[in-house]
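Residue numbers (numbering that gives the first Met the number 0), protein chains in the order written: chain B, 0 to 194; chain Z, 0 to 194; chain A, 0 to 194; chain G, 0 to 194.
Protein chains: 4
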Amino acid sequence: MPKRPQRQRGRERVAALLQAGAAVFAERGYDAATMTEVAARAGASIGSLYQFFPTKELLAAGVLQEYLDGVYRQLEDLAGRAGALPAAQLADRLFGLLAAARAAYPAFAALVEGFGPLPAMTADIRKEMRRLIAAVLQARAPHLAPEALQALATATLQMMKAAAALDADASVPGRKAALAELQAMLRDYLAAQLS
Amino acid sequence: MPKRPQRQRGRERVAALLQAGAAVFAERGYDAATMTEVAARAGASIGSLYQFFPTKELLAAGVLQEYLDGVYRQLEDLAGRAGALPAAQLADRLFGLLAAARAAYPAFAALVEGFGPLPAMTADIRKEMRRLIAAVLQARAPHLAPEALQALATATLQMMKAAAALDADASVPGRKAALAELQAMLRDYLAAQLS
Amino acid sequence: MPKRPQRQRGRERVAALLQAGAAVFAERGYDAATMTEVAARAGASIGSLYQFFPTKELLAAGVLQEYLDGVYRQLEDLAGRAGALPAAQLADRLFGLLAAARAAYPAFAALVEGFGPLPAMTADIRKEMRRLIAAVLQARAPHLAPEALQALATATLQMMKAAAALDADASVPGRKAALAELQAMLRDYLAAQLS
Amino acid sequence: MPKRPQRQRGRERVAALLQAGAAVFAERGYDAATMTEVAARAGASIGSLYQFFPTKELLAAGVLQEYLDGVYRQLEDLAGRAGALPAAQLADRLFGLLAAARAAYPAFAALVEGFGPLPAMTADIRKEMRRLIAAVLQARAPHLAPEALQALATATLQMMKAAAALDADASVPGRKAALAELQAMLRDYLAAQLS
DNA sequence: TATGAATGAGGGTTCATTCAT
DNA sequence: CATGAATGAACCCTCATTCAT
């Protein structure tokens, strides 16, 4: 939805703005982030920022999209290789996927959480996530009924989010051990269901 | 930390303010909630609100505390009866506890989420939650080593939060089925660990 | 103008309130001082404070009056003994009088300064100060014409204020030496004029 | 410290804001002055005011600086011509300098007074004033020891301030005569010390 | 008379967004 | 396209003062 840049310089600007936006959203959260700080960190003027992202929401959407593209692509890759993987390994890949993505993109947590001014988007996002996870699981267990697949994907997504949340909270003592417990839970569960 | 009311009228005011605060935080989220609306909804003047809750943060803390008191008490009750419950039933009780609390107190979600202006508090909150869950589990399985208990409690808390999150999101098709899957996951897991 | 207390307890209250008011005005200045803090420091309720000092201005006036009483009395004492003092000694007494009073009553500076919500009072205060200083000088030099006396008293008051201001500013290096210079200036001058 | 304007329009705005700020501070004093009135009087929006002066303190600092620049420049000019002036004339110039500056900039009195939210600045200001006065005196009497010079400058500054205070208070009868007395005091004193 | 709750106008400040240059 | 000045509604919070108990 933001205006597409036509020249090389414009594309660099957009990249810098998205990166600055990601950093500011990650540091301050959506509400506390200011367009002025984003522009300043990107080395651009406030007018320039609004040229490419006419509202704060669209900037957030742009930042979010970048991250989602990465996650979606990883899930698609995994779906392509799911047929050749043992269920346990598949479970482990899924389990760590969101946690790794959040660690790589700290703005993810600040924007995806079910609050903020993006409630309409988040429903779609979760839907797409479930769709992709279902595709991954279906590649491994093509026989499953759609309803069962749906429930499985939804539960799996919750486990992935739990893993990401726990992974991100360094203040928890014994975090690694707890993660291992959750991971085992998902592994056993998927192994049983996908067989 | 807020000034304690000393008269009957003050106590009623504080109760009304907390209720209004809970409603507004739940509807709008912490940042978008305004003190003016809270006061108006409580039928109080803005000055009255600030007399008892000198900052927005302290109001949020007050609202949060009310809910935490309820959750903590439920966990303590459960710990008292845990010895007499089968592991599976204990797991189900824990699984639904946070979801029920969130449904009863819609402001919970808006405030507890690991962000906002209460980051210092949340670490303590989670710690207390883990401590209480550990106490529940220990009542059922006194033989467990502290480290194992810690990991178990942490993993259980994540499952409880996942259940609450999923339970609250009415937009997910097949939510009930997915919840059942997660519940089974926790039940089987705890049954195995607590035996 | 404040309501006079009728009983022993009331008189103690008023004294405590005046002392607290002096402290708060001295620490924060007139505008930044709050009635709430004054009451709290006096161990009284806000309602009690307003019982005796119906407005902030009247409280300030009360505080001011206490200090003025002290200064006025000192000047009257000095007038009584001026006939028996050498001019140089009289000059020195005058020179240090305001500085000593300010040091003893730190609220003086915060309230007397020609600004704030007491502009009407200050004109009167200065007039009274000039009158008393003139009386002191006249006791030593009864022959002086009223106009000369007036100018002398006004100039002397300015010197006394300069001394008080300099005495209060600990950040000035060589303050003592400068004070001695000013003192000598006034001494020589009065010695010449009063002979 | 305030954001520097980079366009012609911005420079005009800043000038208008400083002028309006000076007027409002002069009329009402620092505390009672409101940013809203300053903006209105400058024909600017409140947002425009805050663009260039992000806090009320910085606006006051800006207003103060403008006046200080004028005073400092006059003292520097006087230092340049001090060698060619008789001591008595030099004393008279100094005596009237601050009074004239205050009369020209009525906000001076409201802001320089040793109170308010600029206590850190005032120490530096007074220091600079003493430094410049010392430079003036040294130009006339290069032989003086630094300590003597320091004390002389400090005492002179106090006399200048006393003159300014008295000059500004129209309510004092015989003000002119008293000013003449003070002026004579400084003149005789400096004539004796600088010879 | 003492207390503490109530009031609400007003203050400083922020920030998304627009627009002239 | 870039820039930076302009805008103003809205926000959190303060505090002198009043009043019911």
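For every residue, glycine included, the Cβ atom is placed at its ideal position computed from N, Cα and C.
When you compare only the Cα positions, how much space is there between residue i and residue j?
| i | j | result |
| --- | --- | --- |
| LEU193(G) | GLN149(G) | 13 Å |
| GLY20(G) | ASP68(G) | 16 Å |
| LEU96(B) | LEU189(B) | 16 Å |
| VAL23(Z) | ALA14(Z) | 14 Å |
| ASP123(G) | PRO1(G) | 19 Å |
| LEU84(B) | ALA162(B) | 21 Å |
| ALA177(Z) | LEU77(B) | 22 Å |
| SER170(Z) | LEU156(B) | 14 Å |
| GLY113(G) | GLY61(Z) | The predicted position of GLY113(G) is uncertain, since its pLDDT is 39 and thus under 50; a value taken from the coordinates is nonetheless stated next. Each residue's Cα considered, the two are about 42 Å apart. |
| GLN18(B) | ALA167(B) | 21 Å |
| ALA87(G) | GLN64(A) | 42 Å |
| LEU131(G) | LEU185(A) | 24 Å |
| LEU16(A) | LYS55(A) | 12 Å |
| ARG174(G) | GLY42(Z) | 59 Å |
| ALA102(A) | MET159(A) | 13 Å |
| ILE45(A) | ALA32(A) | 14 Å |
| SER47(A) | GLY9(A) | 10 Å |
| MET128(Z) | ALA81(B) | 37 Å |
| THR121(B) | ARG6(Z) | 46 Å |
| ALA25(A) | ALA98(G) | 28 Å |
| ALA164(A) | TYR104(A) | 13 Å |
| GLU11(A) | PRO172(A) | 42 Å |
| GLY79(A) | ALA183(G) | 29 Å |
| MET34(Z) | ARG92(Z) | 37 Å |
| LEU89(Z) | LEU143(Z) | 16 Å |
| LYS126(Z) | ASP187(B) | 28 Å |
| PHE94(G) | ALA147(A) | 21 Å |
| GLN137(Z) | ALA39(B) | 53 Å |
| ALA179(B) | ALA100(B) | 18 Å |
| PRO145(Z) | ARG27(B) | 36 Å |
| ALA154(B) | ALA119(Z) | 30 Å |
| ALA108(B) | ALA108(G) | 54 Å |
| ALA191(Z) | ALA191(B) | 16 Å |
State yes or no: is the C-beta of residue i within less than 8 Å of the C-beta of residue j?
| i | j | result |
| --- | --- | --- |
| LEU110(Z) | TYR29(Z) | yes |
| ALA106(B) | TYR66(B) | yes |
| ALA152(B) | ALA140(B) | no |
| LEU57(B) | VAL37(B) | no |
| PHE52(G) | PRO4(G) | no |
| VAL135(A) | LEU181(A) | no |
Within the continuous alpha helix (DSSP H) that includes residue i, where are the two ends?
| i | result |
| --- | --- |
| ALA19(Z) | 7 to 27 |
| LYS160(A) | 145 to 167 |
| THR33(A) | Unbroken run through THR33(A): none, as it is neither H nor E. |
| SER47(Z) | 45 to 51 |
| ALA191(A) | 174 to 193 |
Does the distance between the C-beta of residue i and the nearest non-hydrogen atom of the ligand GTP fall short of 7 Å?
| i | result |
| --- | --- |
| GLY61(Z) | Among the components of this structure there are no ligands whatsoever, and the ligand GTP is therefore not found. |
*Positions along the segment 36 to 61 of chain G whose CB lies within less than 7 Å of some CB in chain A*: Cβ contacts with chain A: none found.
*Where are the alpha helix (DSSP H) runs, 4 residues long or more, that stay fully inside the segment 66 to 121 of chain B, in chain order?*
Within the segment 66 to 121 of chain B, the complete alpha helix (DSSP H) segments of 4 residues or longer fall at 86 to 103 and 106 to 111, listed in chain order.
*asked:* Output needed in chain order: residues of the segment 173 to 190 of chain A with a Cβ under 9 Å from some Cβ in chain G.
replied: Near chain G, meaning a CB-to-CB distance below 9 Å, the residues of the segment 173 to 190 of chain A are GLY173, ARG174, LYS175, ALA176, ALA177, LEU178, ALA179, GLU180, LEU181, ALA183, MET184, LEU185, ASP187 and TYR188.
*Output, in sequence order along the chain, the residues in the segment 81 to 109 of chain A whose CB is closer than 9 Å to any CB in chain G.*
For the segment 81 to 109 of chain A, the set of residues with a beta-carbon nearer than 9 Å to any beta-carbon of chain G comprises ALA108 and ALA109, in chain order.
*Within 9 Å of chain Z by C-beta, residues of the segment 11 to 35 of chain B in sequence order*: Listed by position along the chain: GLY28, TYR29, ASP30 and ALA31.
*Output, in sequence order along the chain, the residues in the segment 133 to 148 of chain B whose CB is closer than 9 Å to any CB in chain Z.*
Cβ contacts with chain Z come from GLU146 and ALA147.
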